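Let me begin by presenting the structure, written as structure tokens, before commenting on it.
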Amino acid sequence: MTITQLYYVLAVAENQNFTKAAEKCFVTQPTLSMQIQKLEEELDIQIFDRSKKPIELTDVGRKIVTQARNIVNESYRIQDIVDQQKGFIGGEFKLGIIPTVMPTLLPMFLKNFIKKHPKIKLKIEELTTEEIIERLKDGHLDAAIAATPLEDENIKERVLYFEPFVSYIPNNHRLHGNKKIDVADLDISDMLLLEDGHCFRDGVINLCKAFKDQSDEQFQLESGSIETLIKLSNEGLGMTLLPYLHTLDINEKEKQNLHYFNEPTPAREVSLIYHKSELKMQIIEALQDVISGVIRGAIAFQDVKIISPLPSK
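In the numbering used here, each residue carries its 1-based index in the sequence shown increased by 1280.
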């Protein structure tokens, strides 16, 4: 049994196709098939049910894939140990970022990070929190930036900053005349929300103590982007809540619709997260250092109340 054979097994399990798996592994399809067949003969079992289209794992195959993933990931960590010993900060690093953080935070730190650490090849993906956790556990991500706490014993969290919630209230709204507002003023029935799957949406719902069944409402508007929520609000269709960094880029006219909360300000905790077995700590620390440096000038730490990103029960 070899690590290469296990790597091939993982590729087929992920792609459910021998040809696609071979392309991903940069080998010919006969070579990959032969190595997997040799492993099956050695173990005297079938890992894949080849009669199914697409190819499926057998019952024992699923158990083998789980263990193979652990073995392959651990083999990659040998190079990480060597890099740390030599003080080398470089190589490929796969980073996930949630959609409500990506457009504001990434432009703030990426150029500085690349300049400071030119040997690191960042591969960045915009993913939901659920996708991030799955990929961290599968070894398909090295780290991610997401709203926390996540209450997952397998995930480590390093807090980067606390980002306040800011109300965006159009002229015709009942709260527009208030200079500052309280959480108790919020009513989910006249609030525009992000689509299901966004942790910021869950934070807003958790914040609104007046949450009620919306089945009797005349309409319910949800959007996949914060920019669309602002436009809908400008049309008089309701108020919305924005992460603070998003308020820095809106125009002067729209800034007149921003209303801040009385302290303690509701806020989300944004952290750099990674699997508990992650070894690329030199790169994680480099990311934390650069992001913490640029964020200090944008968000003043103040009296805040952290709102959970976990879905409300």
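Beta carbons are placed, not taken as given, at the ideal position from N, Cα and C, and that holds for glycine. These figures come from a predicted structure and were not determined experimentally.
According to DSSP, residue pairing for Leu1337 in a beta bridge involves Phe1328. Burial check for Thr1282: the Cβ neighbour count within 10 Å stays below 16, so the residue is exposed. Residues Asp1482 of the same chain have their beta carbon placed closer than 7 Å to that of Pro1591, with the five preceding and five following residues left out of the count.
Rounded to whole angstroms, the gap between the alpha carbons of Thr1520 and Leu1512 is 9 Å. By the criterion of at least three beta-carbon pairs nearer than 8 Å, the segment 1346-1362 is in contact with the segment 1553-1573. When the alpha-carbon of Gln1536 is set against those of Ala1291, Ile1449, Ile1369 and Thr1380, the nearest one is in Ile1449. Between the alpha carbons of Val1463 and Asp1470 lies a distance of about 14 Å. The shortest CA-to-CA distance from Phe1328 to any of Thr1380, Arg1454, Ala1423 and Leu1337 is the one to Leu1337. When the alpha-carbon of Asn1458 is set against those of Asn1542, Asp1529 and Leu1528, the nearest one is in Asn1542.
Sequence-distant partners of Leu1385 (beyond 5 residues in either direction) whose C-beta falls short of 8 Å from its own C-beta, in its chain, are Ile1377, Ile1425, Leu1525, Val1550, Ile1571 and Ile1575. Under the 8 Å Cβ criterion, the segment 1417-1432 does not count as touching the segment 1300-1307, having fewer than three qualifying pairs. Taking a cut-off of 8 Å on C-beta distances, the segment 1288-1303 does not touch the segment 1362-1382, as fewer than three cross pairs fall below it.
The beta-bridge partner set that DSSP reports for Thr1428 consists of Glu1549.
Secondary-structure assignment with DSSP links Leu1375 through a beta bridge to Ile1404 and Ala1423.
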